[in-house]
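Protein chains: 2
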Amino acid sequence: MTSTTVIDDFFAIVPAGGAGTRLWPLSRQGRPKFLHDLTGSGRSLLQATADRLTPVAGADGIVLVTGQRHVAACREQLPALADDAVLAEPLPRDSMAAIGLAAAVLEERHGDVVVGSFAADQVVSGQAAFEQAVREAVVAARAGFVVTIGIAASRPSVAFGYVRSGDPLGLDGAPTALHVRGFTEKPDAATAREYLASGEFRWNAGIFVARTSVLLGHLAEQRPALHAGLREIAAAWDTPARDEVMAAVWPGLEKIAIDHAVAEPVAATGGVAVVPGTFGWDDVGDFNSLAALLPSLDDAGDKVVGGVPGDVVRIETGGTVVVPGSGRVVALLGVDDLVVVDTPDALLVTTRARAQQVKSLVDAVRERGLDDLL
Amino acid sequence: MTSTTVIDDFFAIVPAGGAGTRLWPLSRQGRPKFLHDLTGSGRSLLQATADRLTPVAGADGIVLVTGQRHVAACREQLPALADDAVLAEPLPRDSMAAIGLAAAVLEERHGDVVVGSFAADQVVSGQAAFEQAVREAVVAARAGFVVTIGIAASRPSVAFGYVRSGDPLGLDGAPTALHVRGFTEKPDAATAREYLASGEFRWNAGIFVARTSVLLGHLAEQRPALHAGLREIAAAWDTPARDEVMAAVWPGLEKIAIDHAVAEPVAATGGVAVVPGTFGWDDVGDFNSLAALLPSLDDAGDKVVGGVPGDVVRIETGGTVVVPGSGRVVALLGVDDLVVVDTPDALLVTTRARAQQVKSLVDAVRERGLDDLL
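Quick mapping for you: the protein sequence lines, in order, are chains A and B. Each residue of the first sequence is one higher than the last, beginning at 1 in this note's numbering. Each residue of the second sequence is one higher than the last, beginning at 1 in this note's numbering.
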């Protein structure tokens with residue numbers, strides 16, 4: 001029942017934010033994670049996200065929401081984006097404001113359509129399975145649900161939130177869709193193992209599909225002020241008053257994640273569904289998880305991100321992740337499981353085990369007043 | 001009996017050679033070890049060597065022997081050197097040719113004087129003790145001996161050759177000078193421990209002091225062809241024929257170390273003496289031995305070579321040696337006992353335990369055809 005056509009009245013919202021601090025010094029405030037080709041595919045995470053969504057939403061069906069400072073870089077990477085397909089945030093207001101603004105603007109332009117949010121900094125493998133999950137999610141969304149796509153948890157990760165599924169929806173065209181019993185925060189290791197054992201829990205990838213009227217209707221109930229502000233901005237968006245209204249309203253909007261604002265409360269009243277995703281997914285949170293996505297150079301298990309392996313000279317090394325990002329030769333002798341990130345103005349040397357703690361190093365760099373390195 | 005005056009008719013020969021391959025990528029063929037300030041003293045090893053010798057040999061009593069390609073850099077670092085105080089080697093012919101040429105040229109210029117050879121890439125601490133040892137060595141040299149200064153072995157090193165002492169010379173003015181029973185190659189660990197236990201063995205620092213007539217006389221007996229070649233070059237050195245004679249004779253000279261050519265055979269016939277040195281000495285062979293000469297930044301025992309510690313941001317590191325040589329920030333998280341050498345065109349990451357094996361990495365860089373990095 002797989003279709004290969006673009007889905008009618010469906011729009012993909014791509015929030016492009018997040019500094020990717022744990023990928024410093026590769027990822028910077030001025031050039032964050034989503035602008036980088038981390039997997040050596042030849043496409044940045046943002047470009048790969050657009051490539052992935054075009055078959056289901058169409059080239060004209062993608063709307064990007066990103067910070068003012070990243071608009072130019074995003075347009076450079078996605079030249080096909082229409083002028084009105086990029087919504088610029090003067091300052092970050094978290095995912096509910098970003099996704100809600102795009103939903104409200106799309107409803108102003110196209111009426112009650114189905115929208116889906118797909119973060120710009122995730123890695124997906126298995127295009128057919130991804131498209132199939134989206135198509136089922138849209139069917140469930142048309143039936144009035146807020147629909148998430150739950151990722152098959154391949155390990156008891158404590159880095160992700162989980163979505164807990166219940167009974168099947170039993171919808172034509174969405175055979176695998178299930179009711180959602182609730183969402184959970186990042187669990188501890190023991191809890192995560194229980195989740196895996198139960199078979200009811202999947203990773204929450206932050207993908208939410210819903211009719212704009214449904215999503216914004218829930219928002220109006222849960223967060224009336226935020227909803228009103230977004231509606232006011234959306235009404236002015238395609239008019240000369242946009243900048244004036246944005247300047248007046250946006251800064252005062254509540255900063256809250258879509259999970260807390262809508263997904264969790266609505267799940268509690270049975271309004272959320274989940275389509276199990278059977279595709280490979282990772283949010284590439286740090287250099288160790290990035291390494292897991294990369295092929296090894298040889299049996300020693302070293303990995304090179306970008307650059308050409310010729311940039312790296314290795315003797316008796318193993319499991320080391322190298323990012324040769326300055327054009328210099330990186331010479332390694334007798335080191336195992338290190339992370340070496342070489343950029344023109346900053347060098348990082350740590351271990352794969354410490355990859356999650358790179359954030360603390362970035363804090364130390366900030367405390368040193370080396371802001372131009374952030 | 002310590003004198004503070006310059007020693008009459010004494011000249012210091014400073015062979016400035018050796019690529020310092022185990023200090024790559026800091027030390028390069030084009031800018032070798034002796035041109036670097038490794039200890040953060042503000043002076044390069046070459047400059048520190050000249051500073052150390054000036055009180056005993058005088059500013060006019062120092063003669064440098066170095067490769068053609070290093071002459072400009074040496075003169076830049078030692079502007080006080082007279083024009084004729086630098087002897088350039090068109091290509092390396094090992095230490096006997098270098099020291100022998102300087103000795104022969106000095107005898108042409110000044111007659112039978114005392115010369116001493118002091119390598120340009122060694123680190124000495126304890127100026128007064130050094131001068132005292134040199135003054136005793138000169139006294140023994142005037143008595144007709146080839147005199148070496150033996151370094152008190154602080155550990156059973158397998159990286160150095162040793163000199164074995166015998167009975168006292170009993171010379172006025174050289175109260176600590178001893179007969180030399182022989183020289184040894186680098187020993188294995190067990191042998192080195194025996195050497196230390198015996199109290200008869202000291203490190204051979206390659207310091208040799210002798211009258212030119214004595215040194216060249218022994219050379220004439222041991223290596224007549226080499227001696228004849230050096231005499232021929234020396235006779236032409238301060239004449240217009242220098243370049244012509246060098247071009248004709250130098251390339252054909254035997255490549256042999258002064259230890260094998262003179263010190264060892266002459267010791268066998270009782271002609272060598274040793275003055276025990278009580279000063280601190282190291283040849284800074286690799287990054288681990290360099291680290292031993294540097295103060296720690298804190299209790300964690302990290303060391304920074306050159307640069308300013310502000311170039312290095314550390315969290316939970318220990319015993320790591322950092323050479324911040326590119327002006328970039330080096331950020332370290334949770335790594336112990338590493339060696340990180342950051343230069344504008346090459347980065348080295350290895351462990352202190354592997355410091356001696358850096359040579360193999362340089363070989364690998366050469367095999368890659370990256371000759372401009374050597």
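We put the beta carbon where it would ideally sit given N, CA and C, even for glycine.
Tell me, to the nearest whole angstrom, how far the beta carbon of B:GLY206 is from that of B:SER117; I am working on the premise that it is less than 8 Å.
Along the second sequence, read from residue 1 onward, the residue named residue 206 of chain B stands at position 206. Along the second sequence, read from residue 1 onward, the residue named residue 117 of chain B stands at position 117. Indeed they touch by this definition, with Cβ atoms about 7 Å apart.
Taking all protein chains shown into account, do 16 or more other C-beta atoms lie within 10 angstroms of the C-beta of A:LYS186, making it buried, or fewer, making it exposed?
Indexing the first sequence from 1 puts residue 186 of chain A at position 186. By the neighbour-count rule (16 or more Cβ atoms within 10 Å), A:LYS186 is not buried but exposed.
Look at the alpha carbon of A:PRO156 and the alpha carbon of B:ALA152, and state the distance between them as a whole number of angstroms.
What you label residue 156 of chain A is simply residue 156 of the first sequence in a count that begins at 1. What you label residue 152 of chain B is simply residue 152 of the second sequence in a count that begins at 1. For A:PRO156 and B:ALA152, the distance between alpha carbons rounds to 60 Å.
Got a sec: is the Cβ-Cβ distance from B:GLN357 to anything in chain A below 8 Å?
Position 357 of the second sequence holds residue 357 of chain B. So yes, B:GLN357 belongs to the interface.
Beta-carbon proximity of B:ALA85 to B:ILE99, cut-off 8 Å
For the purposes of this step, residue 85 of chain B is taken as residue 85 along the second sequence, with counting starting at 1. For the purposes of this step, residue 99 of chain B is taken as residue 99 along the second sequence, with counting starting at 1. Taking the C-beta atoms as reference points, B:ILE99 is found no nearer than 8 Å to B:ALA85.
What residue range is occupied by the uninterrupted alpha helix (DSSP H) comprising B:HIS179?
Taking the first residue of the second sequence as 1, we reach residue 179 of chain B at position 179. Where B:HIS179 is concerned, there is no enclosing alpha helix (DSSP H), although the beta strand (DSSP E) it sits in stretches over 178-184.
With 9 Å as the C-beta to C-beta threshold (strictly closer), list the residues of the stretch 296-316 of chain B near chain A in chain order.
Hits within the stretch, in order: GLY310, VAL313, ARG314, ILE315, GLU316.
Helix, strand or coil: which one does DSSP assign to B:THR49?
Indexing the second sequence from 1 puts residue 49 of chain B at position 49. Look at B:THR49 here: in three-state DSSP terms it is helix.
Where the stretch 315-332 of chain A meets chain B: residues whose CB sits under 7 Å from a CB there:
Of all residues in the stretch 315-332 of chain A, the ones placed with a Cβ closer than 7 Å to any Cβ belonging to chain B are ILE315, ARG328, VAL329, VAL330, ALA331, LEU332, in chain order.
If the cut-off is 7 Å on Cβ atoms, which residues from the stretch 359-370 of chain B count as contacting chain A, listed in chain order?
So the close ones are SER360, LEU361, ALA364, VAL365, ARG368, LEU370.
Any chain B beta carbon closer than 8 Å to A:VAL335
Here residue 335 of chain A refers to the residue found at position 335 of the first sequence. Closer than 8 Å: yes.
Cutting at 8 Å between CB atoms, please list the residues of its own chain near A:ARG181, excluding the five before and the five after it.
Here residue 181 of chain A corresponds to residue number 181 of the first sequence, with the count starting at 1. If the five residues before and after A:ARG181 are omitted, its C-beta is found closer than 8 Å to the C-beta atoms of ARG164, SER165, GLY166, GLU200, ALA267, all from its own chain and listed in chain order.
Proximal residues to B:SER30 (C-beta, below 8 Å), its chain only, five neighbours per side dropped:
Working through the second sequence from its first residue, we reach residue 30 of chain B at position 30. Checking the displayed sequence, the identity of residue 30 of chain B turns out to be Gly instead of Ser. Excluding residues within five positions, the ones whose Cβ falls inside 8 Å are ARG69.
Under 7 Å between beta-carbons, which chain A residues line up against B:ARG354? List them in chain order, please.
Position 354 of the second sequence, counted from the first residue, corresponds to residue 354 of chain B. LEU333, GLY334, listed in chain order.
Please report the Cβ distance between A:ALA355 and A:VAL339, rounded to the nearest whole angstrom; I am assuming they are in contact, meaning their Cβ atoms lie under 8 Å.
In the first sequence, counting from the first residue as 1, residue 355 of chain A sits at position 355. In the first sequence, counting from the first residue as 1, residue 339 of chain A sits at position 339. At roughly 6 Å, the Cβ-Cβ gap stays under 8 Å, so A:ALA355 and A:VAL339 are in contact.
Under a CB-based cut-off of 8 Å, is B:VAL340 close to chain A?
For this step, residue 340 of chain B is matched to residue 340 along the second sequence. Closer than 8 Å to some Cβ of chain A, the Cβ of B:VAL340 qualifies, so yes.
Using only the alpha-carbon positions, how far apart do A:ASP372 and A:VAL362 sit?
Working through the first sequence from its first residue, we reach residue 372 of chain A at position 372. Working through the first sequence from its first residue, we reach residue 362 of chain A at position 362. Computed Cα separation, rounded: 12 Å.
Local conformation of B:LEU81 per DSSP, three classes
Along the second sequence, read from residue 1 onward, the residue named residue 81 of chain B stands at position 81. DSSP, read as helix, strand or coil, puts B:LEU81 in coil.
Quick one: grab the DSSP three-state call for B:THR2.
Position 2 of the second sequence, counted from the first residue, corresponds to residue 2 of chain B. Only weak support exists for where B:THR2 lies, its pLDDT of 49 falling under 50; the value from the coordinates is given anyway. In the three-state DSSP reduction, B:THR2 falls in the coil class, being neither helix nor strand.
Using a C-beta to C-beta distance shorter than 7 Å, which residues of chain A count as neighbours of B:ALA346?
Locating residue 346 of chain B in the second sequence gives position 346, where the first residue counts as 1. ARG328, VAL329, ALA331, listed in chain order.
Going straight from the alpha carbon of B:GLY144 to that of B:ALA247, what length do you get?
Residue numbering aside, residue 144 of chain B sits at position 144 when the second sequence is read from its first letter. Residue numbering aside, residue 247 of chain B sits at position 247 when the second sequence is read from its first letter. Spanning the two alpha carbons is a distance of roughly 33 Å.
Along chain B, in chain order, which residues have C-beta atoms closer than 8 Å to that of A:LEU373?
Taking the first residue of the first sequence as position 1, residue 373 of chain A is located at position 373. In chain order, VAL329 make up the part of chain B whose C-beta sits under 8 Å from the C-beta of A:LEU373.
Spell out whether any CB of chain A is found under 8 Å from the CB atom of B:VAL349.
What you label residue 349 of chain B is simply residue 349 of the second sequence in a count that begins at 1. Cβ-Cβ to chain A under 8 Å: yes for B:VAL349.
In chain order, what residues of the same chain lie with their CB nearer than 7 Å to the CB of A:LEU370, ignoring the 5 residues before and after it?
Here the question's residue 370 of chain A lines up with position 370 in the first sequence. Around A:LEU370: no qualifying Cβ.
On the DSSP bridge list, what partners appear for B:PRO15?
As a first step, residue 15 of chain B is located in the second sequence; it is residue number 15 there, counting from the start. Under DSSP, B:PRO15 takes part in a beta bridge, and its partners are B:VAL65.
State yes or no: is the beta carbon of A:ALA19 nearer than 8 Å to at least one beta carbon in chain B?
Position 19 of the first sequence holds residue 19 of chain A. Not closer than 8 Å to any Cβ of chain B, the Cβ of A:ALA19 fails to qualify, so no.
Can you find the residues in the same chain that come closer than 7 Å, C-beta to C-beta, to B:PRO92, ignoring five residues on each side of it along the sequence?
In the second sequence, counting from the first residue as 1, residue 92 of chain B sits at position 92. Cβ neighbours of B:PRO92 within its own chain (closer than 7 Å, five residues either side excluded): GLY17, GLY67.
C-alpha distance - B:PRO32 paired with B:LEU45, whole-angstrom precision
Numbered from 1 along the second sequence, position 32 holds the residue referred to as residue 32 of chain B. Numbered from 1 along the second sequence, position 45 holds the residue referred to as residue 45 of chain B. Going from the Cα of B:PRO32 to the Cα of B:LEU45 covers about 10 Å.
Span separating the alpha-carbon of A:GLU367 from that of B:VAL313:
Start at 1 with the first residue of the first sequence, and residue 367 of chain A comes out as number 367. Start at 1 with the first residue of the second sequence, and residue 313 of chain B comes out as number 313. Taking the straight line joining both Cα atoms gives about 10 Å.
Which class does A:ALA234 belong to by DSSP, given the choice of helix, strand or coil?
Here residue 234 of chain A is taken as the residue at index 234 of the first sequence, counted from 1. DSSP places A:ALA234 in helix when its eight states are reduced to three.
Give me the Cα-Cα distance between B:VAL115 and B:ILE13, rounded to the nearest whole angstrom.
If you number the second sequence from 1, residue 115 of chain B lands on position 115. If you number the second sequence from 1, residue 13 of chain B lands on position 13. If you draw a straight line from the Cα of B:VAL115 to the Cα of B:ILE13, it is about 7 Å long.
In whole angstroms, what is the alpha-carbon distance linking B:GLU316 and B:HIS36?
On the second sequence, position 316 is the one that residue 316 of chain B refers to. On the second sequence, position 36 is the one that residue 36 of chain B refers to. Near 29 Å, if we compare the C-alpha coordinates of B:HIS36 and B:GLU316.
Burial state of B:GLN77 (16 or more Cβ within 10 Å):
To locate residue 77 of chain B, count along the second sequence from 1; it is residue 77. Buried.
Residues that DSSP places opposite A:ASP376 in a beta bridge:
Shown here, chain A extends from 1 to 374; a query on residue 376 of chain A therefore has no answer.
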